[in-house]
Amino acid sequence: MRWVKQTYDWLEHRLQLEGPVKDAALHPVPRNTASWWYVFGSAAFTLLFLQIATGILLAIVYVPSAGQAWNSLNILNHQLELGWFLRAMHGWGSNFMVAIVLIHMAQVFMFGAYKFPRELTWILGVFLLLMTLGMAFTGQVLRFDQDAYWGLGIGASIMSRVPVIGGSLVHLLLGGPTIAGATLSRFFALHVFVIPGAMLVFAGLHVWMVLKLGVNEWPMPGRIVKRATYEKEYHDLSHKDGVPFVPVALWKDAVFSGAVIAAVAICAFVFGPYGPGGQPDPTIIQTVPKPDFFFLWIYAALAYLPPALETPFILIVPVIGIAVLLALPFYASEGEKSWHRRPVAVLTLVSVAVGWGVLTHLATYTPWSPHMDAWSSDPVPGKNLHNATPLVREGAVVFQGKQCRNCHSIGGAGGERGPALDAVATRLTRDQLIFKVEFGGGNMPAYGKNLSPPEVEALVSFLETLHPEHEAPATDPSRKEVQDAAAMAGAAPATGAPSGAK
Amino acid sequence: MRLPLIVAAACALVFSVSGCTRAPGYPTEEALRPQDQLDFHVLYSQNCSGCHGAKGQNGAAIDLANPEYQALVDDATMKKWIIGGMPGTEMSAFGASAGGMLTDTQINALVAGMRKEWSKPDVFGGQTPPQYAQDKAGDAAHGHAVYMTACASCHQQAKQQITDANYLALVSDQALRSIVIAGRPDIGHPDWRNDVPGKPLSAQDVTDVVTYLDSLRSQAEAK
Chain B
1 MRWVKQTYDW
11 LEHRLQLEGP
21 VKDAALHPVP
31 RNTASWWYVF
41 GSAAFTLLFL
51 QIATGILLAI
61 VYVPSAGQAW
71 NSLNILNHQL
81 ELGWFLRAMH
91 GWGSNFMVAI
101 VLIHMAQVFM
111 FGAYKFPREL
121 TWILGVFLLL
131 MTLGMAFTGQ
141 VLRFDQDAYW
151 GLGIGASIMS
161 RVPVIGGSLV
171 HLLLGGPTIA
181 GATLSRFFAL
191 HVFVIPGAML
201 VFAGLHVWMV
211 LKLGVNEWPM
221 PGRIVKRATY
231 EKEYHDLSHK
241 DGVPFVPVAL
251 WKDAVFSGAV
261 IAAVAICAFV
271 FGPYGPGGQP
281 DPTIIQTVPK
291 PDFFFLWIYA
301 ALAYLPPALE
311 TPFILIVPVI
321 GIAVLLALPF
331 YASEGEKSWH
341 RRPVAVLTLV
351 SVAVGWGVLT
361 HLATYTPWSP
371 HMDAWSSDPV
381 PGKNLHNATP
391 LVREGAVVFQ
401 GKQCRNCHSI
411 GGAGGERGPA
421 LDAVATRLTR
431 DQLIFKVEFG
441 GGNMPAYGKN
451 LSPPEVEALV
461 SFLETLHPEH
471 EAPATDPSRK
481 EVQDAAAMAG
491 AAPATGAPSG
501 AK
Chain S
1001 MRLPLIVAAA
1011 CALVFSVSGC
1021 TRAPGYPTEE
1031 ALRPQDQLDF
1041 HVLYSQNCSG
1051 CHGAKGQNGA
1061 AIDLANPEYQ
1071 ALVDDATMKK
1081 WIIGGMPGTE
1091 MSAFGASAGG
1101 MLTDTQINAL
1111 VAGMRKEWSK
1121 PDVFGGQTPP
1131 QYAQDKAGDA
1141 AHGHAVYMTA
1151 CASCHQQAKQ
1161 QITDANYLAL
1171 VSDQALRSIV
1181 IAGRPDIGHP
1191 DWRNDVPGKP
1201 LSAQDVTDVV
1211 TYLDSLRSQA
1221 EAK
């Protein structure tokens, strides 16, 4: 074992790293920062290295060409030993990394750790978050399957809405007017060289500053940050009641990072790699593209916005969001750190988290896109047709043929963009049905010009049959009055069906 | 002493992951391109069951599973309707050449599948049905008479108004003709032999009754 020591000494004599490393490792940190709350940053860093390692291995097999990318992923999945597991690790590593970075950011925000003198650390952190999201997006594009293709198409159409320079931006992003080979080369360069390179530099500086400025102390209500005194106070805190960073604080980081890597591996093993889905091919339109998990909320937000607000929302909200994040440490660089005394901060964080959660939930559980083949694949339930008139049956054909089924379900089958129509006749009278079909409203298209009068007749007589057996269809009260009056006049028992309208 | 243990455990893990292509996460085979799908049941249930019913019957449009219909129509005609759609009805064009989603091979697979699943030998019991396509002009007045004797018994009731102008505006003559000849057993409409039991309609009767129904359309339009 003597040669190990000799080699080490030889190297150390020239590199002289021992001193700085020891300093960094043994520098004292405030005792209460050795807490489980402080482990997310290091976990994000660990995941970054997991992604680099798995990414390099993937790059050995992956072919960044439009014609072969998809095939090379299938080779990884099926022909190379553990290739699928490697892909799965990289894919799940990406998910975990986005999640951990977000949690880290929320924790830093809650603990007021962005305040003086750590403003720049926070700002680099904001850029690291953006780059992490950028990696997630460009990585999804490299999969170059249908989801990637359509996701990119949506991204490009968002960019094209930027006033004046929109067209040039799209050109820049796609390397041409359409998604083609040049697009993939561009995203490959971004995903493999540009963003990771920048990320390593930023992450290095970020960690450097954490070491130099010290780990943020545990916030105490009433301990106010002031520019003039903070640094001395922190020095006293860490030196009088401090513990060496290694090993007192670091072992928790190590345990948590290990647990995160294990969790990534378990997810990879159980859930497997992402895709690749169907081949990317603009001629295949039988697809329901869905963006990756972390972008789902945008999808839901857009689906809920009135169309006129979409462009402003897409273009302005992200810019404002990023500007707010960057401005935060300057606006609030002094003052209270404790969440007990920062109700506005707590409320902001809670509402952002709840809003994000709700939108993501909506996007996951509500099928926003119509079911494109419901019209030709989901049969109209037999009980609606069996004792029907020929006109009603023809109405059912029109209902299928005009693809109403892609947005409306009957008998549990069909799209869910619009309401299920199983009991629509109990809600709407004949006149209301005609009006709805002809003029639309909400997200319901107006079919007025696209339907002939016989088609409307047939369609509406079919819709009128859609009510549960024990519940009578809705009737127009004014018509009922006329009927009732006639019945009274003739002293005959009322024949009008009892109104089921609610 | 500890090290070998850890190495062994790691090896075991790698081994179990690699040896086990049945790991829950192991990816399934790559998705078939939609155009490569040639299985009749998949093709039919994705493209046709919405209108023609889950098993070719009890749907909104004609019951393709009726063996008499299968015996009446030839492959070329069936392919023609599937590729290009049936003019005057909601039957849309499914052939790629007409802007639809299905390739020629897939449409052949559909036709072959229908024949295999739904044809039966000798469904006409030696009788010759009126031919599928109308070959000569009909006589509406005689058609009205045929209607009164052969159809009115059932179709005069309020519920079964095939003379409704709106209904007639949405079906083609050929669609009516197919139904009159082959019947729609799934919804209780008889074939040409059983409108008047024991007295099959002649080819001329069928042509005339369809001509009569068609004349109701132009009357409605004139109004």
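Heads up: the protein sequence lines correspond to chains B and S, in order. Position 396, counted from 1, in the first sequence is what this note's numbering calls 396; the numbers after and before it change by one each time, with no gaps. So this note's numbering is basically just the index in the second sequence, starting at one, shifted up by 1000. Note that beta-carbon positions come from the ideal geometry of N, C-alpha and C, so glycine has one too.
**Asked** Taking 8 Å as the CB-CB limit, is E1221(S) close to chain B?
**Response** On the second sequence, position 221 is the one that residue 1221(S) refers to. So no, E1221(S) is outside the interface.
**Prompt:** When the distance is taken between beta carbons, is P390(B) closer than 8 Å to G1050(S)?
**Reply:** Within the second sequence, the letter at position 50 stands for residue 1050(S). Within the first sequence, the letter at position 390 stands for residue 390(B). Cβ distance not < 8 Å, so G1050(S) and P390(B) don't count as in contact.
**Residue range of the beta strand (DSSP E) that includes P504(B)** = Outside the modelled stretch of chain B, which goes from 1 to 502, sits residue 504(B), for which no answer is possible.
**Asked** chain B partners of G1053(S), CB-CB under 7 Å?
**Response** By 1-based counting over the second sequence, the position of residue 1053(S) is 53. In chain order: P379.
**Prompt:** Y304(B): buried (16+ other C-beta within 10 angstroms of its C-beta) or exposed?
**Reply:** Counting from one through the first sequence, the residue named residue 304(B) turns up at place 304. Exposed: under 16 other Cβ atoms inside 10 Å.
**Asked** With C-beta atoms as the reference, is E334(B) less than 8 Å away from K115(B)?
**Response** Residue mapping note: residue 334(B) aligns to position 334 of the first sequence, counting from 1. Residue mapping note: residue 115(B) aligns to position 115 of the first sequence, counting from 1. Taking 8 Å as the Cβ cut-off, E334(B) and K115(B) qualify as a contacting pair.
**Message:** Less than 8 Å between CB atoms is the rule here; does S385(B) satisfy it with respect to chain S?
**Reply:** Start at 1 with the first residue of the first sequence, and residue 385(B) comes out as number 385. It is Leu, not Ser, that sits at residue 385(B) in the sequence shown. So yes, L385(B) belongs to the interface.
**Prompt:** Taking just the CA atoms, how far does A1109(S) sit from D1036(S)?
**Reply:** Taking the second sequence and counting its residues from 1, one reaches residue 1036(S) at position 36. Taking the second sequence and counting its residues from 1, one reaches residue 1109(S) at position 109. Roughly 11 Å separates the two Cα atoms.
**Message:** Can you tell me where the alpha helix (DSSP H) holding V21(B) begins and where it ends?
**Reply:** Indexing the first sequence from 1 puts residue 21(B) at position 21. Taken as a continuous stretch (DSSP letters only), the alpha helix (DSSP H) holding V21(B) covers 18-26.
**Message:** Under DSSP, the alpha helix (DSSP H) around K1116(S) begins and ends at which residues?
**Reply:** Translated into the one-based positions of the second sequence, residue 1116(S) becomes position 116. 1104-1118 is the extent of the alpha helix (DSSP H) around K1116(S).
**Message:** How far does the alpha helix (DSSP H) with H1155(S) in it extend, from its first residue to its last?
**Reply:** What you label residue 1155(S) is simply residue 155 of the second sequence in a count that begins at 1. Element bounds for H1155(S): 1152-1155.
**Prompt:** Roughly how many whole angstroms lie between the Cα atoms of N1066(S) and T475(B)?
**Reply:** For the purposes of this step, residue 1066(S) is identified with residue 66 of the second sequence, where counting begins at 1. For the purposes of this step, residue 475(B) is identified with residue 475 of the first sequence, where counting begins at 1. Going from the Cα of N1066(S) to the Cα of T475(B) covers about 39 Å.
**Message:** So, for L73(B): in the same chain, excluding its five sequence neighbours on each side, which residues have a beta-carbon less than 6 Å away from its beta-carbon?
**Reply:** Within the first sequence, the letter at position 73 stands for residue 73(B). Excluding positions up to five away in sequence, the list reads P276.
**Request:** Please check if any C-beta of chain S sits within less than 8 Å of the C-beta of D9(B).
**Result:** One-based indexing of the first sequence puts residue 9(B) at position 9. For D9(B), the answer is no, since every Cβ of chain S falls outside 8 Å of its Cβ.
**Asked** So, helix, strand or coil for I410(B), using DSSP?
**Response** On the first sequence, position 410 is the one that residue 410(B) refers to. Of the three classes helix, strand and coil, the one that applies to I410(B) here is strand, per DSSP.
**Message:** Quick check: does the Cβ of G418(B) come within less than 7 Å of any heavy atom belonging to the ligand ATP?
**Reply:** Among the components of this structure there are no ligands whatsoever, and the ligand ATP is therefore not found.
**Request:** Name the two residues that bound the continuous alpha helix (DSSP H) containing M135(B).
**Result:** Reading the first sequence from its first residue, position 135 is the one you call residue 135(B). It spans 119-142 - the alpha helix (DSSP H) in which M135(B) sits, taken as one unbroken run.
**Message:** Judging by CA-CA distance, which residue of L362(B), T54(B), I75(B) is the nearest neighbour of P1027(S)?
**Reply:** For the purposes of this step, residue 1027(S) is taken as the residue at position 27 of the second sequence. Closest option to P1027(S), Cα to Cα, is I75(B).
**Asked** Is A363(B) near Y299(B), with beta carbons less than 8 Å apart?
**Response** Within the first sequence, residue 363(B) is the residue found at index 363, counting from 1. Within the first sequence, residue 299(B) is the residue found at index 299, counting from 1. In this structure, Y299(B) lies closer than 8 Å to A363(B) by Cβ.
**Request:** Name, going along the chain, the residues of the stretch 1181-1194 of chain S whose beta-carbon falls closer than 8 Å to a beta-carbon of chain B.
**Result:** Only those residues of the stretch 1181-1194 of chain S whose C-beta falls short of 8 Å from the nearest C-beta of chain B are listed: I1187.
**Three CB pairs or more closer than 8 Å across the stretch 184-193 of chain B and the stretch 39-51 of chain B** = no
**Buried or exposed by the 16-neighbour rule on C-beta atoms within 10 Å, applied to V21(B)** = Translated into the one-based positions of the first sequence, residue 21(B) becomes position 21. Exposed.
**Item:** Enclosing alpha helix (DSSP H) for V260(B) [first to last residue]
**Value:** For the purposes of this step, residue 260(B) is taken as residue 260 along the first sequence, with counting starting at 1. Per DSSP, V260(B) is one residue of the alpha helix (DSSP H) stretching across 250-271.
**Request:** Specify the secondary structure class of G67(B) as computed by DSSP and reduced to three states.
**Result:** Working through the first sequence from its first residue, we reach residue 67(B) at position 67. Coil.
**Message:** Do Q1127(S) and R1193(S) count as a contact pair if the criterion is CB distance below 8 Å?
**Reply:** Indexing the second sequence from 1 puts residue 1193(S) at position 193. Indexing the second sequence from 1 puts residue 1127(S) at position 127. Result yes, Cβ atoms of R1193(S) and Q1127(S) sit closer than 8 Å.
**Prompt:** Within 8 Å (strictly less), CB to CB, does L391(B) reach chain S?
**Reply:** As a working mapping, residue 391(B) is identified with position 391 in the first sequence. Yes, L391(B) counts as interfacial toward chain S.
**Prompt:** Roughly how many angstroms lie between the CA atoms of A59(B) and C1048(S), to the nearest whole one?
**Reply:** By 1-based counting over the first sequence, the position of residue 59(B) is 59. By 1-based counting over the second sequence, the position of residue 1048(S) is 48. Approximately 44 Å, taken between the alpha carbons.
**Request:** Take every Cβ of the stretch 446-457 of chain B, pair it with every Cβ of the stretch 398-406 of chain B, and state whether three or more of those distances are shorter than 8 Å.
**Result:** yes
**Message:** Closer than 7 Å between beta carbons: that is the criterion. Which residues of the stretch 250-281 of chain B meet it against chain S?
**Reply:** A268, F269, V270, F271, G272, P273, G277, G278, Q279
**Message:** Looking at the secondary structure, which residues open and close the alpha helix (DSSP H) in which G1183(S) lies?
**Reply:** On the second sequence, position 183 is the one that residue 1183(S) refers to. Taken as a continuous stretch (DSSP letters only), G1183(S) belongs to no alpha helix (DSSP H), as it is neither H nor E.
**Request:** Could you please give the first and the last residue of the uninterrupted alpha helix (DSSP H) stretch that includes S1045(S)?
**Result:** Indexing the second sequence from 1 puts residue 1045(S) at position 45. Run containing S1045(S): 1040-1047, per the alpha helix (DSSP H) assignment.
**Asked** Can you list the residues of chain S that V398(B) reaches, using a CB-CB cut of under 8 Å?
**Response** The residue given as residue 398(B) occupies position 398 in the first sequence. Here the neighbours are E1090, L1170.
**Request:** On a CA-only basis, which of G151(B), V162(B), V350(B), F202(B) is nearest I179(B)? Give me that one, please.
**Result:** Numbered from its first residue, the first sequence carries residue 179(B) at position 179. When only C-alpha atoms are compared, the closest one is G151(B).
**Prompt:** Where DSSP assigns a beta bridge to V1146(S), which residues make up the other side?
**Reply:** Numbered from 1 along the second sequence, position 146 holds the residue referred to as residue 1146(S). DSSP output for V1146(S) lists no bridge partner at all.
**Asked** Based on Cα-Cα distance, which residue from R2(B), P196(B), S42(B) lies nearest to T132(B)?
**Response** As a working mapping, residue 132(B) is identified with position 132 in the first sequence. Answer by Cα proximity: P196(B).
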